[in-house]
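>
Residue numbers (the numbering used here): 3 to 724.
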């Protein structure tokens, strides 16, 4: 059915069709009441009779209408229009001009790493807002994210979103899991309930594809792709890009992506805002916090301590990708803090396996100098895959790939070589003893050792690690804004510097954090808050919340966290909620109502009412018009009503009527004058049949006059004279 040119709800005129989906069509449209461009999504008529699709369509409207966020496409209105087979529902949405991420990937292949991170940071911020409102999207994919012509990011299509409180339902339809296979979380693929972390997984998949130009998994069918999400780890994105990345970029990309795409939801980011923060840091060429966490976990593993589940879960892909890009030497701050690679474990949940591999123990070469053979070409395999991948032959090839060769005892060739070495050494020392060669000894160079990373460790533990590494340790206490009392700040020289064993190392330990009082920010502007916080050595959280308020003016701060008067460490972030002014609500339609009813309806909606009484033929007290009727205005706005005084009537035709009937006719038409106000003038006629008829009236028929206005009629009287 061609709907172009039709008008919905008396105000939305449909233009060209701009999109078609599985259950709806989208039209460009014009809101003729407000004169703005909108988009109208209409359910396909053949699906409008299906209660399941109706429910899904209704849910999209309800969910999206709850979400007032700059990165989420706004919903303005809903309704339904008659069709041959019944009513077809529609949603009126914000019209967005731009292209989807799917279009961008198809046209350009991929984005730059910084641009991809910037886009996905905004997507994750929108998801966090949605999650905070109790809504999970459940279908995050490139086709549902649009970049506008002005560069803004818009998340679309909450068609299969569900309230978090109702997420226990896997929502299957004819036994098919709802969602898009390429971006489906493992729990959704299993038919289990989805939660906010399922959206985080999908966002990780989209980021992967934006950065590499390829989806993390491919298959011949959606089922095979879903199976890979459950059973297989993706190729590290840095491996896909290869040498196009720096060490730091490879670590950042892999740590964010593989954390978001962890198989277990508990190993992913705790919330979408945490992921958004890391993506924003990456877009600004800062090391993501999760990458720093991997470095800390690697250091913990090197010291023999427990490795976190998140690090273990992401370790396999991270090690592979980082090694391929040469990440082992990347620095957390670009200069002095080494970012270590977590070697892979075949069990994604086995932190101990990752720890062994990291130390170069049973796992093989590792990345810390403890090698099980002298060939560097297989270090990646030895370190990343534990005992299953070793070069026991010392031939430079991984044994796993040459299983057809007979296994030899690993110690046999070593013992043989060691025996020969012992004979040679013995002969040499015997020769020296008997010949008495007086050649002076060459100075022996001190063994060079890397200084371990001990930041954030307890003082005693940090001292032990440094002493066990062969260093002399002196302790110096100093204040620090972010590191707690008794924790190590770092060392001098810095971690990972190579110095002689026995060198005196200065261990810097935090004596305390500087404490400051949180100032009162309520009622202040954001600019004023920044200055107050700076004076208090505090920082404003970049994620500023917004909320409508009837009491606090627009642009002023409503609440703050931590609250005013709290004592916190210097450098603490303070989160503020800024007023957007009174909430915008739609002005009720009150034309035709009695003024008291109209006043009650408007005031209950939060508006102030001003009444102007005007002359009108309509009944007294009837509302003739209302300003801004049907529009959205801030609560507290004034609405002006034009109300009828009921003091006018429309003059009827009196010509040809007997004078005795004139008064009654005027009364019936609404005239409220007295008989004294009905004036008579005579006009001669020789026609007896017209005697006593009204020949003329002073006020013409159809003219609107006041109800008590004087009226004059001219009546025929018999007279032969003209």
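Glycine included, C-beta positions come from ideal geometry on N, C-alpha and C.
Considering only the alpha carbon of each residue, which of 121, 49 and 146 lies closest to residue 21?
The residue labelled residue 21 in the question sits at position 19 within the chain shown. When each option's Cα is compared against that of residue 21, the closest is 146.
> Return the CA-CA distance between residue 468 and residue 475, expressed in angstroms with no decimal places.
Residue 468 sits at position 466 when you count from the first residue of the chain shown. Residue 475 sits at position 473 when you count from the first residue of the chain shown. So the two alpha carbons sit approximately 7 Å from each other.
> Is residue 613 closer than 8 Å to residue 650 when the C-beta atoms are compared?
Sequence index remark: in the chain shown, residue 650 carries index 648 (1-based). Sequence index remark: in the chain shown, residue 613 carries index 611 (1-based). Contact: no.
> Going by C-alpha to C-alpha distance, which of 75, 151 and 615 sits closest to residue 158?
The residue labelled residue 158 in the question sits at position 156 within the chain shown. Of the listed residues, the one whose Cα sits closest to residue 158 is 75.
> How do the segment 480-494 and the segment 508-519 stand: do at least 3 beta-carbon pairs fall below 8 Å, yes or no?
Under the three-pair Cβ rule at 8 Å, the segment 480-494 counts as touching the segment 508-519.
> Excluding the five sequence neighbours on either side, which residues of its own chain have a C-beta within less than 6 Å of the C-beta of residue 80, listed in chain order?
Here the question's residue 80 lines up with position 78 in the chain shown. Cβ within range, chain order: 63 and 93.
> Go ahead and label residue 152 buried or exposed: buried means 16 or more other beta carbons lie within 10 angstroms of its beta carbon, across all protein chains shown.
In the chain shown, the residue the question calls residue 152 occupies position 150. Here residue 152 is exposed: its Cβ has fewer than 16 other Cβ atoms, across all protein chains shown, within 10 Å.
> Please list the segments of the beta strand (DSSP E) lying wholly inside the segment 96-141, counting only runs of 3 or more residues, in order along the chain.
100-102
> Can you give me the Cβ contacts of residue 556 inside the same chain, cut-off strictly under 7 Å, excluding the 5 residues immediately before and after it?
On the chain shown, residue 556 is found 554 positions in, with the first residue counted as 1. Here the set comprises 581, 582 and 583.
> Grab the span of the beta strand (DSSP E) containing residue 636 for me, first residue to last.
For the purposes of this step, residue 636 is identified with residue 634 of the chain shown, where counting begins at 1. Segment 634-636, the beta strand (DSSP E) holding residue 636.
> Is the CB-CB distance between residue 90 and residue 44 below 8 Å?
For the purposes of this step, residue 90 is identified with residue 88 of the chain shown, where counting begins at 1. For the purposes of this step, residue 44 is identified with residue 42 of the chain shown, where counting begins at 1. In this structure, residue 44 lies closer than 8 Å to residue 90 by Cβ.
> Less than 8 Å between C-beta atoms, sequence neighbours within five positions excluded: which residues of the same chain meet that for residue 209?
Counted from its first residue, the chain shown places residue 209 at position 207. Excluding residues within five positions, the ones whose Cβ falls inside 8 Å are 118, 119, 122, 258, 259, 262 and 281.
> Under the rule that 16 or more other beta-carbon atoms within 10 Å means buried, what is residue 453, buried or exposed?
Residue numbering aside, residue 453 sits at position 451 when the chain shown is read from its first letter. With 16 or more Cβ atoms within 10 Å of its Cβ, residue 453 is classed as buried.
> Exposed or buried, which one is residue 719 when buried takes at least 16 other CB atoms within 10 Å?
Locating residue 719 in the chain shown gives position 717, where the first residue counts as 1. By the neighbour-count rule (16 or more Cβ atoms within 10 Å), residue 719 is not buried but exposed.
> From residue 18 to residue 635, what does the alpha carbon distance come to, in whole angstroms?
Position 16 of the chain shown, counted from the first residue, corresponds to residue 18. Position 633 of the chain shown, counted from the first residue, corresponds to residue 635. Cα to Cα, the separation comes out at about 30 Å.
> Quick one: what's got a C-beta closer than 8 Å to residue 247's C-beta in the same chain, skipping five residues either side?
Looking up residue 247 in the chain shown gives position 245. So the list reads 115, 240, 255 and 327, once near-sequence residues are dropped.
> Would you decide whether residue 533 is buried or exposed? Buried here means 16 or more other CB atoms lie within 10 Å of its CB.
The residue labelled residue 533 in the question sits at position 531 within the chain shown. Classification of residue 533: exposed, given that the 10 Å Cβ count is below 16.
> With 16 as the cutoff for other CB atoms within 10 Å, does residue 699 come out buried or exposed?
If you number the chain shown from 1, residue 699 lands on position 697. That one is buried.
> How big is the Cα-Cα spacing for residue 150 and residue 109?
Within the chain shown, the letter at position 148 stands for residue 150. Within the chain shown, the letter at position 107 stands for residue 109. Going from the Cα of residue 150 to the Cα of residue 109 covers about 16 Å.
> Can you say whether residue 493 is buried or exposed, counting buried as having 16 or more other CB atoms within 10 angstroms of its CB?
Within the chain shown, residue 493 is the residue found at index 491, counting from 1. By the neighbour-count rule (16 or more Cβ atoms within 10 Å), residue 493 is buried.
> So, is residue 721 buried or exposed, given that buried needs 16 or more other C-beta atoms within 10 angstroms?
In the chain shown, residue 721 corresponds to position 719, counting from 1. Under this definition residue 721 is an exposed residue.
> Give me the Cα-Cα distance between residue 490 and residue 471, rounded to the nearest whole angstrom.
Start at 1 with the first residue of the chain shown, and residue 490 comes out as number 488. Start at 1 with the first residue of the chain shown, and residue 471 comes out as number 469. Spanning the two alpha carbons is a distance of roughly 16 Å.
> Helix, strand or coil for residue 275 per DSSP?
Translated into the one-based positions of the chain shown, residue 275 becomes position 273. Note: residue 275 maps to helix in three-state DSSP.
> Relative to the C-alpha of residue 73, which candidate in 55, 130 and 661 has its C-alpha closest?
For the purposes of this step, residue 73 is taken as residue 71 along the chain shown, with counting starting at 1. Residue 73 has its Cα closest to that of 130, out of 55, 130 and 661.
> Compute the Euclidean distance between the alpha carbons of residue 655 and residue 694, then round it to the nearest angstrom.
By one-based count along the chain shown, residue 655 stands at place 653. By one-based count along the chain shown, residue 694 stands at place 692. Straight-line Cα distance between these residues: approximately 16 Å.
> Give the secondary structure of residue 497 by DSSP, where H, G and I count as helix, E and B as strand, and everything else as coil.
As a working note, residue 497 is residue 495 in the chain shown. Correct three-state label for residue 497: coil.
> Can you grab the Cα-Cα spacing for the pair residue 585 / residue 279, in whole Å?
For this step, residue 585 is matched to residue 583 along the chain shown. For this step, residue 279 is matched to residue 277 along the chain shown. If I take the Cα positions, the gap works out to 29 Å.
> Using a Cβ-Cβ cut-off of 8 Å (strictly less than) and excluding sequence neighbours within five positions of residue 594, which residues of its own chain qualify?
Here residue 594 refers to the residue found at position 592 of the chain shown. The answer, listed in chain order, is 624 and 625.
> Just to confirm the assignment, what range does the alpha helix (DSSP H) spanning residue 530 have?
Within the chain shown, residue 530 is the residue found at index 528, counting from 1. Looking at the DSSP string, the run of the alpha helix (DSSP H) that includes residue 530 is 528-537.
> Looking at the structure shown, is residue 469 part of a helix, part of a strand, or coil, going by DSSP?
Translated into positions along the chain shown, residue 469 becomes position 467. DSSP places residue 469 in the helix class (H, G or I) of the three-state scheme.
> Measuring straight from C-alpha to C-alpha, what distance separates residue 233 and residue 189?
Locating residue 233 in the chain shown gives position 231, counting from the first residue. Locating residue 189 in the chain shown gives position 187, counting from the first residue. Our two residues, residue 233 and residue 189, have alpha carbons roughly 11 Å apart in a direct line.
> Determine which residues share a DSSP beta bridge with residue 708 and list them.
In the chain shown, counting from the first residue as 1, residue 708 sits at position 706. Answer is 650, bridged to residue 708.
> For residue 686, which residues does DSSP report across the bridge?
Walking along the chain shown from the start, residue 686 turns up at place 684. Beta-bridge pairing links residue 686 to 719.
> How close, in whole Å, do the beta carbons of residue 589 and residue 609 come, if the pair is a contact with beta carbons under 8 Å?
Residue mapping note: residue 589 aligns to position 587 of the chain shown, counting from 1. Residue mapping note: residue 609 aligns to position 607 of the chain shown, counting from 1. About 7 Å separates the two Cβ atoms, so the contact holds.
> Under a Cβ-count criterion, where at least 16 other Cβ atoms within 10 Å of its own Cβ denotes burial, should residue 486 be classed as buried or exposed?
Position 484 of the chain shown, counted from the first residue, corresponds to residue 486. Residue 486 is exposed by the Cβ-count criterion.
> Bridge partners for residue 681 per DSSP, in chain order?
Residue 681 sits at position 679 when you count from the first residue of the chain shown. According to DSSP, which records beta bridges pairwise, residue 681 is partnered with 714.
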